[in-house]
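Here is the structure we will look at, set down as structure tokens.
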């Protein structure tokens, strides 16, 4: 297995879910990993060091100075020893300490010294998990390049039901295996792997007319889609960019730009190109509904209440996904505000996608209107690829490289 021979530091903090750390240690050891446990003092109130030491076959560490003779647990050496540092459960207190660099216990000192990848698996009650300070701390930790293993939805120790449950040990192990199984990232620009490939990219918002002067739209700027189109062009692809209304300029002569306004126009343009495309990236923010009866003349202000009848637009990704050819690769986007991973997985499956790129509006610096983005990519095998907060140009390169690696493995 992919964690066999890996050195895993497991940080256990004060949470009722600390009992799951025993199960996680058993899974890791069974998979061939070496496990060294570091506990906070509060964690010992929930599970004994003896239990975790017995399972890990190593003494549990929790203090700097081990005895009166001056023996000490070297946090620097521990940070250098590990191939990965997993903090599970990560309490709200520990998230806050690590996010702000507070360092007066062994666990936080090892975190600040670690050169290996660090994974935080939060666990707390639902209101604590969704509190703005906790969200900000998780976003901050991820912006440093750390990995977040999202808490799960379910019944909590308080009796409430919601997000905050520690991810199951099997899920945490799977995330580690997925991380260590990652192939060396191929640089698509350097290899020119997309030479001769035809790539379709949709970008920007759509505008659905209410009357000649008003419309329904969203906050998409098109920056992400344009960056993806440019990244593919630099990697040698022939790119067709179907763009909704944006203020962006496109100077690359190798990219064919097709301007559209409504969801219907975007579908028709994409459908025309889709048949010859080797790869399609659905990054546009297409309206789900459009006015059923747009007025031919400006609607005058009359009544206090004004009702607008809406009808569903064509699902571009879903409709064209049903026409997918063998070997054709499709990537979609999901911008979510709640139950993010669950909703993204539904789109991945229903729209016949090879990848779904998940954005959460709860992540600072991600989504509409920013020059940065923070994404989680789920592939058709439901493997999760997490990326830190980056510029949209860097995110586009990550996505193009991800697709390039899949071509190599075909």
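In the working numbering, the protein residues as written are 1 to 410. Where a beta carbon is used, it is the ideal one built from N, C-alpha and C, also for glycine. This one's a predicted model, so the numbers in the text were calculated from it and none came from an experiment.
Reference residue i, options the options, closest by Cα
i: residue 360; options: 376, 146 and 25; result: 376
i: residue 147; options: 156, 288, 381 and 84; result: 84
i: residue 339; options: 28, 305 and 164; result: 164
i: residue 95; options: 119, 113 and 29; result: 119
i: residue 46; options: 58, 26, 56 and 19; result: 19
i: residue 171; options: 214, 152, 313 and 180; result: 152
i: residue 217; options: 252, 238, 286 and 181; result: 286
i: residue 214; options: 35, 308 and 269; result: 308
i: residue 181; options: 207, 28 and 383; result: 383
i: residue 90; options: 238, 314, 113 and 14; result: 14
i: residue 368; options: 385, 342, 341 and 334; result: 334
i: residue 292; options: 209, 114, 386 and 168; result: 209
i: residue 402; options: 289, 275, 279 and 288; result: 279
i: residue 129; options: 117, 113, 145 and 162; result: 162
i: residue 337; options: 175, 173, 363 and 407; result: 363
i: residue 323; options: 253, 342, 344 and 273; result: 273
i: residue 427; options: 301, 386 and 29; result: For residue 427 there is no data in the structure shown, the boundaries of the chain being 1 and 410.
i: residue 86; options: 135, 56 and 173; result: 173
i: residue 133; options: 121, 93 and 74; result: 93
i: residue 220; options: 229, 248 and 271; result: 248
i: residue 168; options: 4, 21, 344 and 326; result: 21
i: residue 121; options: 115, 113, 112 and 137; result: 137
i: residue 204; options: 284, 271, 348 and 357; result: 284
i: residue 73; options: 43, 88, 113 and 48; result: 113
i: residue 17; options: 348, 131, 43 and 4; result: 43
i: residue 271; options: 344, 332, 321 and 387; result: 321
i: residue 325; options: 275, 131 and 301; result: 275
Own chain partners of residue i with C-beta closer than 8 Å, once the 5 adjacent residues on each side are dropped
i: residue 1; result: With a pLDDT of only 49 at residue 1, under 50, the local geometry of the prediction cannot be trusted, and the value read off the model is given with reservation. So the qualifying residues of the chain are 31, 32 and 177.
i: residue 277; result: 198, 199, 200, 240 and 328
i: residue 38; result: 9, 10, 11, 12, 60, 61, 62, 78, 106, 107 and 110
i: residue 390; result: 372, 373, 374 and 398
Bridge-paired residues (DSSP) for residue i
i: residue 120; result: 87 and 148
i: residue 155; result: 161
i: residue 215; result: 209
i: residue 198; result: 238
i: residue 355; result: 331 and 379
i: residue 291; result: 310
i: residue 385; result: 377
i: residue 39; result: 12
i: residue 81; result: The partner list for residue 81 (beta bridge, DSSP) is empty, contrary to what the question assumes.
i: residue 258; result: 242
i: residue 390; result: 373
i: residue 7; result: 34
i: residue 320; result: DSSP output for residue 320 lists no bridge partner at all.
i: residue 279; result: 199 and 329
i: residue 61; result: 38
i: residue 303; result: In the DSSP output, where bridge partners are listed per residue, residue 303 has none listed.
i: residue 285; result: 205
i: residue 336; result: 360
6 Å CB neighbourhood of residue i in its chain, flanking five on each side removed
i: residue 78; result: 110
i: residue 211; result: 295, 298 and 299
i: residue 354; result: 329, 330 and 380
i: residue 387; result: 375 and 398
i: residue 267; result: 314 and 316
i: residue 250; result: 257
Sequence-distant residues of its chain with Cβ nearer than 7 Å to residue i (five each side left out)
i: residue 392; result: 223, 224, 227, 371, 372 and 373
i: residue 105; result: 40
i: residue 269; result: 242, 258 and 260
i: residue 419; result: With the chain running from 1 to 410 in the structure shown, residue 419 is simply not present.
i: residue 116; result: 82, 83, 84 and 85
i: residue 311; result: 289, 290 and 292
Expected contact under 8 Å - CB spacing of residue i and residue j to nearest Å
i: residue 81; j: residue 202; result: Actually they do not touch by this definition, with Cβ atoms about 47 Å apart.
i: residue 346; j: residue 318; result: With 8 Å as the limit, residue 346 and residue 318 do not qualify as a contact, their Cβ atoms being about 11 Å apart.
i: residue 60; j: residue 53; result: 5 Å
i: residue 261; j: residue 245; result: 6 Å
i: residue 55; j: residue 25; result: 4 Å
i: residue 58; j: residue 35; result: 7 Å
i: residue 358; j: residue 378; result: 7 Å
i: residue 166; j: residue 88; result: 6 Å
i: residue 252; j: residue 230; result: 6 Å
i: residue 207; j: residue 341; result: In fact, because the Cβ distance is near 31 Å, the residues do not count as touching under 8 Å.
At least 3 beta-carbon pairs within less than 8 Å: the region 80 to 99 vs the region 139 to 148: yes
message: Taking contact to mean 3 or more Cβ pairs, one atom from each stretch, closer than 8 Å, check whether the region 224 to 241 and the region 391 to 404 are in contact.
response: yes
- request: For the region 145 to 159 and the region 114 to 129, state whether three or more C-beta atom pairs, one from each stretch, are separated by less than 8 Å.
  value: yes
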